[in-house]
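Each residue of the sequence shown is one higher than the one before, starting from 37 at the first, in my numbering. Below is one structure, written out as structure tokens; the observations come after it.
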Amino acid sequence: MSDDNGVIVRESPHLTSAAPFAGAPSHLSIAHPKEVRNVNGQAERALIYVARVPDDALLEHLRSRGWHVSVARSAADAARAIRPDAPYAGIVDVTRMTTRELTCLEGSLRQQQVGWIALADPGQLEDGEVRRIIRHYCFDFVKLPAASPTIDYLVGHAYGMVTLCDLDFVAGVASAGDDEMVGTCDAMQQLFRTIRKVANTDATVFISGESGTGKELTAVAIHERSPRRKAPFVAINCGAIPHHLLQSELFGYERGAFTGANQRKIGRVEAANGGTLFLDEIGDLPLESQASLLRFLQEGKIERLGGHESIPVDVRVISATHVDLDAAMRDGRFRADLFHRLCVLRVDEPPLRARGKDIEILAHHILHKFKTDSSRKIRGFAPSAIEALHNYGWPGNVRELINRVRRAIVMAESKLISAEDLDLEQYSGQEAMTLAQAREAAEKRAIESALLRHRHRLNEAAQDLGISRVTLYRLMGAHGLRDATASEDKPPAAGDGDGDAHK
Ligand SMILES: Nc1ncnc2c1ncn2[C@@H]1O[C@H](COP(=O)(O)OP(=O)(O)OP(=O)(O)O)[C@@H](O)[C@H]1O
Ligand SMILES: [Mg+2]
């Protein structure tokens, strides 16, 4: 497969990192894990060790344990040492590093094929920036001084996790098909990291996001990366099933439970046994079913309608909604106790308009996928179309983008899709904009993406933006962003405190 405008590096069947456009025409490349071999031709595990002052004793120990260690003393060294197509374990020793150096390292820490472990002095963990870096990018951290075998053990784990992702990916190439998830922006990279982390646990996951942002795709990606991947993924759209049928759909019934129940029916919860149950549009679940679901989540058992037996069912529950459940809880339409059971881990889908360059990358991805819908050989997007893609607000998010690009593929009369083909001609005009308006728009975009990056945690977003929390709050008001962020007292986000998950 090739793409006229971009390089897409696939790293798993479901999470696709697409590199920004390379300018010159290039081809879709697939990353296969490569091993480093020693002089005897034996496979060695690659490890990148980033430290201002590397510890010789640790280095020697790691080498004696079969690691092929590359040492990097600076962010630039680290960036040079990491190959994009090979799995690595990584050690980042944050002692003696300034905040600025740490920030420069973020590019390398973000690399998906490196499983990072941080080494830090206990006192450094009081520094918010150090904590943020560890939380966002590392599988685990170790307080110094620490024994070399402990560090060897942890990097072994981190390496193992990264290799698993790659193996997933290799196995999934043939069947990758429709379900790829494309994203390079910070918010999507954060989402991918969260998916990987939550996949390893059995805790309930709540996915929130506007319509068409990829909530179901995320649920599938979590399932497929979890130990339950071989068991069923059962989805139920709570909003699409008439209320009076929901109980029997969810829990099934026994023969004779009601008129017309001629034979036993297994409900969706039971059908998902051993696997994952995806409750879509959970906000539409009527109160009666909320009570039964809560009972199931508490007891791990169901009773079929008309039955007297309690049947143990082992499922991992993922739920999603595009409605504001906080408001539903305030109005008494949704039980708070159920919400807290459903939302042990939370995943927020970024809206398409906040994904920057990814809009274009996704558009190319969709074009590539559907271009055979047209007999005409379509090569890409005209400048007017690219402009419109960025100016438009995408209320229907990725689903709308797919529909518009598919329509354009059919409608296009030239080799390049125009804004008109996308039915977005009014968004392509070079509208006159004063410098003040341009500044304001840029400010709003920066605030939106900082809020997204930090899942609306104002303190951290303000720190990123280099302003106080009070100023951020004021600017959010000025840009009409306060409602969208609701409050900071959301349930803990999945990325929080996940150092423990790997211990
Ligand atoms: N990051 C992505 N990369 C590629 N395709 C995506 C991505 N996100 C979503 N899609 C595609 O967009 C469409 C909508 O995604 P999905 O059904 O998961 O969204 P949703 O949030 O569940 O929508 P709704 O709220 O309408 O139910 C699907 O065809 C999905 O494959
Ligand atoms: Mg959906």
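Using N, Cα and C, we set each Cβ at its ideal position, and we do this for glycine too.
Opening and closing residue of the beta strand (DSSP E) in which residue i lies
i      : result
Val178 : 174-179
His104 : 103-108
Asp23  : Summary: the structure shown does not reach residue 23, with the chain confined to residues 37 through 539, and so no result is reported for it.
Phe370 : Neither: Phe370 is in no beta strand (DSSP E) and is coded neither H nor E.
Ser355 : 352-357
Leu544 : With the chain covering only 37 through 539, there is no way to say anything about residue 544.
Arg382 : 381-384
Leu313 : 312-316
Tyr124 : 124-129
Ile503 : First-last for Ile503: undefined, no H or E at that position.
Phe242 : 241-244
Supposed contact pair residue j and residue i - C-beta distance, whole angstroms, cut 8 Å
i      : j      : result
Ser244 : Thr357 : 6 Å
Phe370 : Leu361 : 6 Å
Ile187 : Val198 : Rounded, the Cβ-Cβ distance is 16 Å, inconsistent with contact.
Arg304 : Leu281 : Contact doesn't hold; Cβ gap of about 11 Å is too wide.
Glu137 : Ala112 : Rounded, the Cβ-Cβ distance is 11 Å, inconsistent with contact.
Any non-hydrogen atom of ligand 1 closer than 7 Å to residue i Cβ
i      : result
Val241 : no
Glu396 : no
Val218 : yes
Glu260 : no
Thr12  : The shown model of the chain, from 37 to 539, leaves out residue 12, and the question about it has no answer.
Glu385 : yes
Val434 : yes
Ser247 : yes
His404 : no
Ile169 : no
Ile445 : no
Ile272 : no
His400 : no
Ile354 : no
Ile438 : yes
His97  : no
His279 : no
His358 : yes
Straight-line gap, residue i to residue j (C-alpha atoms, nearest Å)
i      : j      : result
Gln473 : Glu479 : 10 Å
Asp202 : Ala108 : Any reading at Asp202 must be qualified, since the residue scores a pLDDT of 44, below 50, and its modelled position is unreliable; no value is offered.
Tyr85  : Val270 : 43 Å
Ser346 : Gly336 : 9 Å
Asp157 : Val218 : 37 Å
Ala418 : Arg412 : 15 Å
Leu458 : Leu437 : 9 Å
Ala498 : Ala82  : 37 Å
Ile453 : Gly416 : 6 Å
Ile118 : Ser144 : 8 Å
Leu378 : Gly516 : 30 Å
Glu385 : Leu374 : 21 Å
Leu425 : Ile277 : 35 Å
Gly196 : Phe332 : 35 Å
His490 : Arg146 : 15 Å
Leu471 : Asn427 : 17 Å
Ser504 : Ile169 : 20 Å
Ser284 : Leu315 : 15 Å
Span of the alpha helix (DSSP H), counted from its first residue to its last, around residue i
i      : result
Ala363 : 361-366
Ile277 : Element bounds for Ile277: n/a, residue is neither H nor E.
Val434 : 433-447
Ile258 : 251-260
Phe228 : 222-235
Glu324 : 323-335
Glu216 : From DSSP, Glu216 is part of no alpha helix (DSSP H); its letter is neither H nor E.
Gln299 : No alpha helix (DSSP H) holds Gln299; DSSP gives it neither H nor E.
Asp92  : 92-100
Thr135 : 135-145
Ile422 : 419-427
Check your understanding: Using the beta carbon as the reference atom, which residues fall closer than 6 Å to any heavy atom of ligand 2, ordered along the chain?
Key -> Result: Lys251, Glu252, Asp316.
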